[in-house]
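Structure, as structure tokens:
Numbering (the numbering used here), first residue to last: 10 to 188.
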């Protein structure tokens with residue numbers, strides 16, 4: 010079971026051919042604290058909220074981190090523009106916490122990918138904000154969509170930036186593709 014509302018996470022699991030259902034929990038996500046701890050704890054909170062006997066439940070949380078500040082999903086276009094300006098011409102980290110609850114046990118991990126944005130002009134910001142793609146996206150951009158035009162380079166797992174770090178997930182659940 011996937012304990013997440015994220016269409017990106019759903020799409021990644023579908024691409025892998027994994028049979029699952031979605032039951033998104035009503036969980037308040039933390040946004041303050043040490044970033045790695047925050048994303049792992051949020052992922053655990055989601056997985057625990059849907060854990061039940063005989064089921065494997067996956068929770069995940071993704072955040073963008075720059076200068077130690079955690080950026081989740083912007084609440085509106087003004088906040089999205091502020092975040093994108095902060096990322097412009099700089100390298101930031103995308104951190105995803107993943108957690109699996111199964112058979113009374115919990116496993117969790119974190120993936121970190123470095124993303125460098127190109128220097129964005131006002132016209133770039135206006136164009137991207139007008140797409141609306143920034144909505145419901147950690148850091149206000151979608152690398153798998155038009156947001157790819159904002160990115161200069163990445164170091165690490167691309168799927169982590171999309172929303173679900175596949176290599177880290179397979180290390181956490183080695184039999185995932187066989188179950």
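Just so it is clear, CB atoms sit at the ideal spot from N, CA and C, and this is done for glycine as well.
Enumerate, from N- to C-terminal direction, the unbroken beta strand (DSSP E) stretches of 3 or more residues contained entirely within the stretch 101-171.
Residue ranges of uninterrupted beta strand (DSSP E) with 3 or more members, entirely inside the stretch 101-171 and ordered along the chain, are 114-126 and 160-164.
Counting only runs of 3+ residues fully inside the stretch 48-106, write out the beta strand (DSSP E) ranges in chain order.
As far as the stretch 48-106 is concerned, its whole beta strand (DSSP E) runs of at least 3 residues are 65-75 and 78-80.
First through last residue of the alpha helix (DSSP H) which encompasses residue 27:
Position 18 of the chain shown, counted from the start, is the residue given in the question as residue 27. For residue 27, no alpha helix (DSSP H) encloses it, and the DSSP letter there is neither H nor E.
Is residue 128 buried or exposed, if buried means 16 or more other CB atoms sit within 10 Å of its CB?
To locate residue 128, count along the chain shown from 1; it is residue 119. It is exposed - the Cβ of residue 128 has fewer than 16 other Cβ atoms within 10 Å.
For the alpha helix (DSSP H) that contains residue 187, what are its first and last residues?
Numbered from its first residue, the chain shown carries residue 187 at position 178. According to the DSSP assignment, residue 187 belongs to no alpha helix (DSSP H), since it is labelled neither H nor E.
Give the DSSP-derived three-state secondary structure of residue 181 in the structure shown.
To locate residue 181, count along the chain shown from 1; it is residue 172. Judged by DSSP in its simplified three-state form, residue 181 adopts helix.
Return yes when the Cβ of residue 117 is within less than 9 angstroms of the Cβ of residue 58, no when it is not.
Taking the first residue of the chain shown as 1, we reach residue 58 at position 49. Taking the first residue of the chain shown as 1, we reach residue 117 at position 108. Against a cut-off of 9 angstroms, the Cβ pair of residue 117 and residue 58 comes out as no contact.
Check whether the stretch 38-57 touches the stretch 69-83, taking contact to mean three or more Cβ pairs, one atom from each stretch, closer than 8 angstroms.
The stretch 38-57 is in contact with the stretch 69-83.
Residue 41 by DSSP, collapsed to three states: which one?
Here residue 41 refers to the residue found at position 32 when the chain shown is read from its first residue. Residue state, collapsed to three classes: coil.
Nearest to residue 4 by alpha carbon, out of 91, 16 and 186?
Only positions 10 to 188 of the chain appear in this structure, which leaves residue 4 out of reach.
Nonlocal neighbours in the same chain, by C-beta distance under 6 angstroms from residue 38, ignoring five residues either side
The residue labelled residue 38 in the question sits at position 29 within the chain shown. Its chain contains 51 as the residues whose beta carbon lies nearer than 6 angstroms to that of residue 38, once the 5 sequence neighbours on both sides are disregarded; these appear in chain order.
Report yes or no: do the stretch 152-169 and the stretch 119-134 share at least 3 C-beta pairs separated by less than 8 angstroms?
For the pair of segments examined, the stretch 152-169 was found to touch the stretch 119-134: the number of CB pairs separated by less than 8 angstroms reaches three.
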